[in-house]
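K.L.:
Below are the structure tokens for one structure; questions will follow.
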Amino acid sequence: MFVSDAKGKFVVNFSRGNSLQISATGYVKQEIVLDEQTSLTIWLIPDQREMDAIVVTGTMKAVKRLESPVAVEVYTPQFFKKNPAPSIFESLQNVNGVRPQLNCSVCNTGDIHINGLEGPYTMVTIDGMPIVSSLASVYGLFGIPTQLIERVEIVKGPASGLYGSEAIGGLINIITKSPDKAPRFTANVLATNWQEYNVDLGATFKLSKNLKSLFGVDYYNYQHLVDKNNDHFTDVTLQHRISLFNKLSLARKNNRVATLAARYFYEDRWGGDMKWNKTFRGGDSLYGESIYTNRWEVMGNYQLPLPERIFFSFSATSHQQNSYYGTTPYTGDQRIGFGQLTWDRKLGSSHSLLLGSALRYNYYDDNSTATIDTLTAKNRPDKYVIPGLFIQDEWKLNAHHLLLLGMRYDHHPAHGSIITPRLAWKWSLTEKEVLRLNAGTGFRVVSLFTEDHAALTG
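For the sequence shown, this note's numbering gives the first residue as 539, with consecutive numbering after it.
Structural data, given as structure tokens:
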């Protein structure tokens, strides 16, 4: 370690002929051969490829993408600018192996398939938090604006060992911008010849010496009736939605992490007969499907003030849906609370250990028979708590081989013990050529409305 003076200069003694390497994460490495006593001013050139390659999703640790034992694909704002869309759901249609699919031509509910597996097997997280619940996945994926996204990391294949047993087909982790790095003001306006209009605004504020805030507003409106096939039904649902987002970042000693974010989302959408309007909602004169969605989210991450790298992350969500499918009403209410404690530690030069414990609370209630006690005929919301433990070890066998071993244990009150192992192997053939193998298992509880929405539509 070298200590500089007040002007940033320092003196180092080297023998003639030695070389000096200067490197920093996100910059091109330089090597200088020292021939004689001299004064050097060294400039490092930013390496955009390396900066974009820092990933956290594969192993819950910040690591260069090339060095990760798990293959992680990274998509930055530059990608979304080349493929403009009002929501993350539509933006992902240009990603190889990822297919957003509309499952209903009337209400346009959709899910995301990875490598051919159905949407319910894809897990969507925001800042690593599993806040996109089964009910939210039906319409909630349309309410995530691209303007507030720093990057999207996609893992294809099982990721259940770290993120829960539901991450069977793959994981999509949406990482939001940091108030420390976001621009002071951004504005995006999108309009199409189908009369779609989207306005996306973002601004950062310095609330105090150590506290910064990122605030964003997204509004989408589409009210143009289209019937290209002349079946007297709307080809695209009419909708308007608004999303409010605020993220706080607290500067702490030793660059310890402390963030808190909140988001509110409201959407009104309908599809059906071309002559339908809200006066026909719930009636049998004209067929229409009308869905009102109210949703709020809170999430945070806090690094404990300890010598060890221990993090506590948490999230809470509430999702309410008020809808009519023709004359059939459906009202759903789902609330999820999640807390997770992780400990990250290196053991020698060959092992990097990650230990974690998680607790998830789920509340679900609707007006169907799924939440009715068959003995008493009274309403019985589905409530349960799932505790979990997981361990992961990155074992560096040698310079070319890296092995990742992981195991997760969850206990479901109805299904008992759920064990999900994980194995990943990376073989570095050359400095730029890597072969990876990823294997694992998973377990997912059925959500009837999510997977059989057509039962309500007839």
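Cβ atoms here follow ideal geometry from the backbone N, Cα and C, with glycine treated the same way.
Less than 8 angstroms between the beta carbons of V593 and V601, yes or no?
P.N.:
Cβ distance < 8 angstroms, so V593 and V601 count as in contact.
K.L.:
If you compare alpha carbons, which of E605, I580, V571 and V633 is closest to K970?
P.N.:
For the residues E605, I580, V571 and V633, the minimum Cα distance to K970 belongs to E605.
K.L.:
Given a cut-off of 8 angstroms, decide if H770 and D822 are closer than it, judged by their beta-carbon atoms.
P.N.:
It is not a contact, given that the beta carbons lie outside the stated cut-off.
K.L.:
Distance check for P668 and S851, CA to CA, integer angstroms please.
P.N.:
Spanning the two alpha carbons is a distance of roughly 11 angstroms.
K.L.:
Extract the residue ranges of the beta strand (DSSP E) inside the segment 676-755, only unbroken runs of 3 or more that lie entirely within it.
P.N.:
You should have 687-694, 708-714, 723-729 and 734-744.
K.L.:
Do you know offhand how far D738's Cα is from E688's?
P.N.:
Spanning the two alpha carbons is a distance of roughly 15 angstroms.
K.L.:
Report the CB separation of A729 from G980 in whole angstroms; it is logged as a contact under 8 angstroms.
P.N.:
Their Cβ separation, rounded to whole angstroms, is 41 angstroms, which puts A729 and G980 out of contact at 8 angstroms.
K.L.:
Return the chain-ordered list of same chain residues with a C-beta closer than 6 angstroms to the C-beta of Q858, the five sequence neighbours on each side being excluded.
P.N.:
For Q858, where only same-chain residues beyond five positions count, the Cβ hits under 6 angstroms are N832 and D871.
K.L.:
Distance check for T772 and L763, CA to CA, integer angstroms please.
P.N.:
Using only the alpha carbons, I get a separation of about 6 angstroms.
K.L.:
I believe F618 touches G648 by the beta-carbon criterion, under 8 angstroms. Please report the beta-carbon distance rounded to the nearest angstrom.
P.N.:
Their Cβ separation, rounded to whole angstroms, is 18 angstroms, which puts F618 and G648 out of contact at 8 angstroms.
K.L.:
Let me know the secondary structure DSSP gives S629 once reduced to three states.
P.N.:
The answer is helix: DSSP assigns S629 an H, G or I state.
K.L.:
Could you pull out every residue in the same chain whose Cβ sits closer than 8 angstroms to the Cβ of H939, ignoring the five residues on either side in sequence?
P.N.:
Hits under 8 angstroms: W963, K964, W965 and S966.
K.L.:
Which residue or residues does DSSP assign as beta-bridge partners of R807?
P.N.:
For R807, which the question treats as bridged, DSSP gives the partners Q777 and I829.
K.L.:
Tell me which same chain residues have a C-beta within less than 6 angstroms of the C-beta of A674, skipping the five on either side of it?
P.N.:
Once the five neighbours on either side are set aside, the close Cβ partners of A674 are H857.
K.L.:
Let me check one thing: in DSSP terms, what residues is D822 bridge-paired to?
P.N.:
DSSP, once it has assigned bridges, lists no residue as partnering D822.
K.L.:
Looking at Q878: is its Cβ nearer than 8 angstroms to the Cβ of G864?
P.N.:
No; because the gap between Cβ atoms is not below 8 angstroms, this pair is not in contact.
K.L.:
Can you give, in chain order, each stretch of the beta strand (DSSP E) that sits fully within the segment 824-891 and has at least 3 residues?
P.N.:
With a minimum length of 3 residues, the continuous beta strand (DSSP E) runs that stay inside the segment 824-891 are 826-841, 847-863 and 866-885.
K.L.:
Quick one: using the 10 Å Cβ neighbour count with 16 as the cut-off for buried, is T817 buried or exposed?
P.N.:
It counts as exposed.
K.L.:
Taking its Cβ as the centre, do 16 or more other Cβ atoms sit within 10 Å of N748, making it buried, or is it exposed?
P.N.:
It counts as exposed.
K.L.:
Which two residues bound the contiguous alpha helix (DSSP H) that contains F618?
P.N.:
Unbroken alpha helix (DSSP H) run through F618: P615 to K620.
K.L.:
Between G838 and L776, which are expected to be in contact by the criterion C-beta below 8 angstroms, what is the C-beta distance as a whole number of angstroms?
P.N.:
Not quite, the Cβ-Cβ distance comes to about 36 angstroms (not below 8 angstroms), so this is no contact.
K.L.:
Any idea what DSSP makes of P668, helix, strand or coil?
P.N.:
Looking at P668 - three-state DSSP - the assignment turns out to be coil, as it is neither helix nor strand.
K.L.:
Could you pull out every residue in the same chain whose Cβ sits closer than 8 angstroms to the Cβ of D904, ignoring the five residues on either side in sequence?
P.N.:
Hits under 8 angstroms: Y868, T869, G870, D871 and F987.
K.L.:
Just how far apart, CA to CA, sit M589 and V755?
P.N.:
Per-residue confidence for M589 stands at a pLDDT of 44, beneath the threshold of 50, marking its modelled position as unreliable; no derived number is given.
K.L.:
Check L913 in the structure and name its three-state DSSP category.
P.N.:
Of the three classes helix, strand and coil, the one that applies to L913 here is coil, per DSSP.
K.L.:
Taking the alpha-carbon positions, what's the A854 to L578 distance?
P.N.:
In a straight line, the C-alpha of A854 is about 53 angstroms away from that of L578.
K.L.:
When you compare only the Cα positions, how much space is there between Y862 and G826?
P.N.:
Going from the Cα of Y862 to the Cα of G826 covers about 8 angstroms.
K.L.:
Could you tell me the alpha carbon to alpha carbon distance between P696 and V608, rounded to whole angstroms?
P.N.:
Cα to Cα, the separation comes out at about 10 angstroms.
K.L.:
Could you check what DSSP says for L604 in three-state terms: helix, strand or coil?
P.N.:
L604: helix per DSSP, three-state reduction.
K.L.:
If you measure from the CB of S887, is any heavy atom of the ligand ZN nearer than 7 angstroms?
P.N.:
For the structure depicted, the ligand ZN is absent and the ligand set is empty, with no information on it obtainable.
K.L.:
On the DSSP bridge list, what partners appear for I929?
P.N.:
DSSP output for I929 lists L893 and M945 as bridge partner(s).
K.L.:
Since L630 contacts P638 with CB under 8 angstroms, what's their CB separation in whole angstroms?
P.N.:
Correct: roughly 5 angstroms between the Cβ atoms.
K.L.:
I'd like to know whether the C-beta atoms of I910 and N917 end up nearer to each other than 8 angstroms.
P.N.:
Result yes, Cβ atoms of I910 and N917 sit closer than 8 angstroms.
K.L.:
Residues in its own chain within less than 6 angstroms of F753 by CB, not counting five upstream and five downstream?
P.N.:
So the list reads A741 and N784, once near-sequence residues are dropped.
K.L.:
Identify the residues that DSSP records as bridge partners of V636: which are they?
P.N.:
Partner(s): I652.
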